[in-house]
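Going line by line, the protein sequences match chains A and B.
Take the first sequence: its position 92, counting from 1, is numbered 92 in my numbering, and each next residue is one higher.
Take the second sequence: its position 111, counting from 1, is numbered 270 in my numbering, and each next residue is one higher.
Just so you know, even glycine gets a beta-carbon here, dropped at the ideal spot from N, CA and C.
Have a look at the structure below, then the notes.
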Amino acid sequence: MSKIHVTTTINDDEVEFLCDPRESLLDVLRDRLSLTGAKEGCGTGDCGACTVTVDGRLVCACLMLGAEAEGKSIGTVEGIATDEELHPLQQKFIEYAALQCGICTPGILVAAKNLLERNPDPTETEVRYWLAGNLCRCTGYDKIIRAVMDTAAEMREAS
Amino acid sequence: MALDSQKTEGFKQIGTRPDRPDGVDKVTGRARFGADMTAPGMLWGVIVRSPHAHARIVKIDTSKAEAMEGVKAVVTRADFSDAITPAPGMRGEMWNVLENVMADEKALYDGHAVAAVAATSQLAARDAAKAITVQYEVLPHVTDVDKAMEDGAPVIRDGTAEASVPEGMHPNVVRYHESGQGDLDAGFAAADLVIEETFKTEATHQGYIEPHACLATLGGDGKGELWCCTQGHWNVQKVCAALLGLETSQLRVTASEIGGGFGGKTAVFIEPVALALSRKANKPVKLVMTRSEVFRSTGPTASTSMDVKIGMTKDGTITAAQGIFRCQGGAFPGAPMEFTAMCSFAPYNLKAVKQIGYDVMTNRPKQAAYRAPGSPMAAFAVESVIDELCNKLGLDPIDTRLKNASREGTQANFGPKWDRIGLVETLEAAKAHPHYATPLKPGQGRGISCGFWFNHGGETAVMLALSEDGTAQLAVGTPDIGGSRASMAMMAAEELGIPYENVRCTIADTASLGYNEISHGSRVTYASGLATIEAARDAVKKLCARAAAKWGIPEDAVKWEDGCAVPSGPNAGDHDPLPLAKITAKMGATGGPIVGHFEATPEGAGVSFATHIVDAEVDQETGKTNVSRYTVVQDAGKAIHPTYVEGQFQGGAAQGIGWALNEEYIYGEDGRLQNAGFLDYRIPVASDLPMIDTVIVEVPNPGHPYGVRGVGETSICPPLAAIANAVSNAAGVRLKQLPMSPPRILKALGKHG
Ligand code: FES
Ligand code: FES
């Protein structure tokens with residue numbers, strides 16, 4: 001089967017790749033571009049471990065075809081930290097122990113950052129529902145929710 | 160182990176909450192988990208699995224697949240060692256593992272591996288797997304534990320039963336346990352009220368978010384490299400070597416970062432298959448399970464059916480207790496029925512008690528450990544009956560448990576006398592917690608439950624090498640499932656008297672340390688922690704010896720204080736403290752590298768108890784339960800890094816909530832798993848749960864230098880019962896089957912779901 005040539009932007013860098021029409025964006029990120037930050041927990045859109053942004057919207061990379069990335073702007077966990085600096089969410093996740101095994105963390109960080117960009121002052125319920133598509137089996141979510149709420153408070157103060 | 164040097168206060172590091180050393184890796188996407196590794200020339204493997212619950216494999220035709228573009232190897236059972244033979248019960252465990260890894264004559268459950276293929280891309284491998292045709296002769300099957308014990312039930316494998324199984328039982332009952340003490344008849348006769356009930360729990364999956372994954376390289380020379388996500392890479396090494404007929408030392412296994420395990424990654428599933436494919440293709444092979452494979456083919460926990468009978472006097476004294484626990488562990492022996500039986504009444508001081516366990520085979524995947532295997536189910540049955548007794552007799556549930564609680568010196572229900580334990584302290588802390596004093600709102604119910612887990616020590620090896628600049632490299636052999644690197648580095652820093660940041664803790668591969676048992680039994684912070692402390696003390700001894708040589712005084716005239724060697728005693732003379740970095744800077748010239756070691760099998764893992772308080776409300780129209788408040792009180796012995804201890808408490812409670820309310824393996828009439836995905840097997844999501852409050856009780860474990868008790872497993876023991884008690888009290892009717900899903904609750908309320 002012939003491959004499709006795709007030009008896209010990932011974490012602000014222009015990227016080109018060839019992919020099989022059946023490959024998902026997640027397959028392309030992980031297996032063709034070595035961006036293994038996004039994880040495959042299910043491959044069916046149910047766990048959120050593969051969460052990325054596509055033109056600013058949250059998407060399960062396992063549910064989008066690689067070929068559909070043409071002309072889009074993709075954001076992954078690898079693009080959250082700027083140069084040397086961690087994003088405040090990343091800092092707080094470490095401080096709060098909002099990760100145990102850390103496999104859900106990339107997806108949750110991408111989703112939480114997207115939430116705070118839209119809503120800098122979310123309620124606990126809003127955070128819980130926003131992250132309801134991101135499964136975490138280790139933490140019981142308590143420390144994740146607290147880390148997101150505290151980051152939001154700190155970012156509000158700083159701005 | 161005699162621990163005359165136990166230290167439980169005056170710490171500099173222990174009890175603080177530093178950032179974990181692998182934190183940045185894990186928030187930036189840099190950490191490499193099982194599926195994140197590649198190798199030059201790598202192939203992709205895919206496993207072909209049986210769609211039938213029970214079937215004779217008549218023929219496997221691989222010719223079409225082998226002829227396909229990009230296909231490099233196909234393996235079946237014939238490609239594994241034939242030197243492994245079956246034996247009754249757990250004596251044939253290596254054969255059971257092999258049989259589970261790749262079916263031989265029969266497929267024993269829906270999802271059982273029957274063949275595998277490796278090709279140049281994942282898509283090519285998937286296409287080739289579809290082209291492998293397997294001819295089956297479908298056999299009658301059974302998936303329910305009670306039905307599997309009935310006369311006429313299909314026999315999974317005749318001759319598996321151990322000699323201990325009472326005569327006349329169905330051949331699917333393969334192991335038997337009985338323990339207890341005292342005169343049950345007299346005990347029940349002395350009771351004012353006796354309640355006997357039957358309970359059932361469904362199989363639940365550990366539900367780790369990372370599917371099993373590995374990258375295997377094995378040449379015709381019998382030398383191999385394996386990268387995989389596992390809770391115990393030495394065990395993987397041992398099992399894979401046996402299954403492939405290799406010398407153990409020739410296979411080096413490296414543990415990747417692990418995306419959750421909870422017991423489910425103590426077993427070996429795909430690694431031997433990837434190695435067999437690699438050997439045949441003479442190329443590295445990567446094998447990653449799909450989520451559906453994880454559900455169909457890796458260990459859920461056992462499902463159970465249990466009868467519990469307890470007698471109580473009007474003042475709340477338990478006079479006798481008996482439990483019969485039937486555990487189904489899939490198509491292999493090994494359901495944790497002896498743990499279920501032993502944990503059942505462990506919290507209570509009982510004069511008359513008896514527990515019986517049955518290990519029952521069915522056509523389901525081989526059960527694997529899941530966080531305190533067997534204990535949560537037992538607690539569900541026992542603590543439900545205690546709750547009902549308290550309700551009927553008008554007694555306070557915490558006072559009643561306190562009245563009967565096991566204490567130091569109490570003879571345990573399964574025999575030994577308890578050492579120092581902290582059950583009473585957890586009950587008292589629960590009673591004093593504001594949660595317990597808060598009045599319930601209309602429609603709410605409150606549930607209390609205790610829980611118990613043994614904890615474990617196990618073979619452990621640790622090495623601590625000092626660097627010239629005075630920093631330390633700590634190599635441990637227990638995969639870091641939830642922040643254990645931080646705790647290990649803290650313990651090493653505490654002993655050495657250097658900053659936490661100066662210790663780098665690495666999970667070593669199998670070639671770098673002696674055998675380390677699997678990260679199971681809540682053993683990591685206890686056993687690897689103890690080993691780290693002892694390895695650091697070994698290094699300190701060597702540091703002191705260098706100082707003594709420099710000062711020209713005897714070694715025992717030097718002691719270690721705040722990271723320095725200092726002279727000690729009347730004849731030591733006057734010398735300035737010699738800091739660690741000063742000694743290591745010169746170590747090459749003063750005797751060579753300084754390395755601390757510990758290699759042993761610590762046996763003082765202290766048991767752990769917990770008490771949970773839950774408030775829940777039940778929607779009478781829909782049958783949906785809402786957990787509105789949750790408090791975990793648990794004895795940690797000594798919390799090294801309290802934040803991660805709280806995390807274990809919260810994670811266990813959350814998994815318990817899922818088990819109690821939602822999660823279950825659903826099999827169709829055809830014996831196929833109907834919900835092999837996260838959409839239909841629904842684990843708790845963020846919007847399902849409240850904050851989970853925690854209280855860390857610290858009753859030091861006499862068997863650890865700082866008093867540590869494992870905490871990972873006990874936290875899942877009370878939730879099933881605590882939630883069932885809260886739901887039953889809210890609904891006004893006793894719920895006796897898990898999960899308490901809306902249809903089941905509506906049925907209990909006499910409404911149609
Ligand atoms: S892997 Fe995409 S949602 Fe689970
Ligand atoms: S930290 Fe393990 S799944 Fe979230």
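Suppose contacts are defined by Cβ-Cβ distances below 8 Å. Is residue i in contact with residue j by that definition?
i, j, result
"Ala798 of chain B", "Val791 of chain B", "no"
"Thr360 of chain B", "Asp466 of chain B", "no"
"Ala435 of chain B", "Leu410 of chain B", "no"
"Leu820 of chain B", "Ser900 of chain B", "yes"
"Gly341 of chain B", "Lys510 of chain B", "yes"
"Gly830 of chain B", "His213 of chain B", "yes"
"Gln90 of chain A", "Thr187 of chain B", "yes"
"Ser24 of chain A", "Ala49 of chain A", "no"
"Ala531 of chain B", "Thr873 of chain B", "yes"
"Arg179 of chain B", "Glu296 of chain B", "no"
"Ala283 of chain B", "Ile219 of chain B", "no"
"Ala937 of chain B", "Ala695 of chain B", "Chain B is shown only over 160 to 912; residue 937 of chain B falls outside these bounds and no answer can be derived."
Checking contacts by CB at 8 Å: is residue i closer than that to chain A?
i, result
"Thr376 of chain B", "no"
"Met160 of chain B", "Residue placement at Met160 of chain B is poorly supported in this model, since its pLDDT is 40, which falls under 50; the coordinates are not used for a value here."
"Phe454 of chain B", "no"
"Tyr803 of chain B", "yes"
"Gln809 of chain B", "yes"
"Ile429 of chain B", "no"
"Tyr367 of chain B", "yes"
"Ser787 of chain B", "no"
Comparing C-alpha positions only, which one of the options sits nearest to residue i?
i, options, result
"Glu154 of chain A", "A:Arg128, A:Pro120, A:Tyr129 and A:Leu131", "A:Pro120"
"Ile742 of chain B", "B:Phe573, B:Asp733, B:Ile753 and B:Ala835", "B:Ile753"
"Gly311 of chain B", "B:Asp351, B:Ser323 and B:Gly327", "B:Gly327"
"Gly339 of chain B", "B:Lys439, B:Gly574 and B:Lys745", "B:Gly574"
"Gly346 of chain B", "B:Glu369, B:Glu355, B:Lys445 and B:Ile469", "B:Ile469"
"Ile74 of chain A", "A:Ala147, A:Cys136, A:Lys3 and A:Thr7", "A:Thr7"
"Ser767 of chain B", "B:Ile206, B:Arg903 and B:Gly871", "B:Gly871"
"Ile354 of chain B", "B:Glu547, B:Leu739, B:Ala246 and B:Ala708", "B:Glu547"
"Thr569 of chain B", "B:Lys895, B:His679 and B:Gly581", "B:Gly581"
"Gly71 of chain A", "A:Ser159, A:Ile10, A:Asn134 and A:His87", "A:Ile10"
"Gly383 of chain B", "B:Tyr367, B:Ala372, B:Leu405 and B:Thr760", "B:Leu405"
"Ser787 of chain B", "B:Lys289, B:Pro658, B:Ala348 and B:Ile772", "B:Ile772"
Comparing the C-beta of residue i with each C-beta of chain B, is any distance below 8 Å?
i, result
"Ala132 of chain A", "yes"
"Leu135 of chain A", "yes"
"Val59 of chain A", "no"
"Glu16 of chain A", "no"
"Leu99 of chain A", "yes"
"Val54 of chain A", "no"
"Asp81 of chain A", "Reading off the sequence, residue 81 of chain A comes out as Ala, not Asp. Yes, Ala81 of chain A lies at the interface with chain B (some Cβ there is under 8 Å from its Cβ)."
For residue i, count the other beta carbons within 10 Å of its own beta carbon; 16 or more makes it buried, fewer makes it exposed. Which is it?
i, result
"Val217 of chain B", "exposed"
"Ala92 of chain A", "Residue identity differs from the one stated: residue 92 of chain A is Lys in this sequence, not Ala. Buried, because 16 or more other Cβ atoms sit within 10 Å of the Cβ of Lys92 of chain A."
"Gln833 of chain B", "exposed"
"Ile80 of chain A", "buried"
"Arg438 of chain B", "buried"
"Gly750 of chain B", "exposed"
"Gly419 of chain B", "buried"
"Leu702 of chain B", "buried"
"Leu18 of chain A", "exposed"
"Gln294 of chain B", "exposed"
Please report the residue range of the alpha helix (DSSP H) in which residue i lies.
i, result
"Met253 of chain B", "Glu252 to Val260"
"Ala480 of chain B", "From DSSP, Ala480 of chain B is part of no alpha helix (DSSP H) but of the beta strand (DSSP E) over Ile477 to Gln487."
"Phe539 of chain B", "Ser534 to Leu552"
"Lys113 of chain A", "Thr105 to Arg118"
"Ile882 of chain B", "Pro878 to Ala890"
Could you pull the start and end residues of the beta strand (DSSP E) that residue i belongs to?
i, result
"Cys664 of chain B", "Val662 to Ile666"
"Asp13 of chain A", "Asp13 to Cys19"
"Ser464 of chain B", "Ser462 to Met471"
"Gly204 of chain B", "Leu202 to Arg208"
"Glu676 of chain B", "Neither: Glu676 of chain B is in no beta strand (DSSP E) and is coded neither H nor E."
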